[in-house]
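Report on the structure given below.
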Amino acid sequence: MSDGLIIWVNGDMSEQIIDFNGQYVLVRISDKQKILLGKTLEEAEEKLKEMGRDDIIAQLK
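Sequential numbering from 462 applies to the sequence shown in this note's numbering.
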């Protein structure tokens, strides 16, 4: 996913959100898990909310 634009990185750099080909993707560095969040920031925030990741949403604003 190195071709994407990094939008957010957490404090210990174990997770990041990347804008990859018009799709927001949450990447967990440790296990290389990729979670599609949506095509817009609003969709990404909704998916993060469903995942219980209000901590990330607060940092994106």
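Don't be surprised by glycine CBs; every beta carbon is placed ideally from N, CA and C.
The model shown is predicted, which means the values in this text are computed figures rather than measured ones.
(request) Note the first and the last residue of the continuous beta strand (DSSP E) segment covering residue 473. (result) Counting from 1 along the sequence shown, the entry for residue 473 is found at position 12. Per DSSP, residue 473 belongs to no beta strand (DSSP E) and is neither H nor E.
(message) At a threshold of 7 Å, does residue 500 count as lining the ligand FMN (C-beta to nearest heavy atom)?
(response) Here there are no bound small molecules, and the ligand FMN is not part of this structure.
(message) Using 8 Å as the threshold, is the C-beta distance between residue 502 and residue 486 below it?
(response) Taking the first residue of the sequence shown as position 1, residue 502 is located at position 41. Taking the first residue of the sequence shown as position 1, residue 486 is located at position 25. No; because the gap between Cβ atoms is not below 8 Å, this pair is not in contact.
(message) Here's the rule I'm using: 16 or more other beta-carbon atoms within 10 Å means buried, otherwise exposed. How should residue 462 be labelled?
(response) Here the question's residue 462 lines up with position 1 in the sequence shown. Any answer about residue 462 is weak, because its pLDDT of 48 lies below 50 and its placement is not dependable; what the coordinates show is given next. It is exposed - the Cβ of residue 462 has fewer than 16 other Cβ atoms within 10 Å.
(message) Please report the straight-line C-alpha distance between residue 492 and residue 468, rounded to a whole angstrom.
(response) Locating residue 492 in the sequence shown gives position 31, counting from the first residue. Locating residue 468 in the sequence shown gives position 7, counting from the first residue. Distance between the alpha carbons of residue 492 and residue 468 is about 19 Å.
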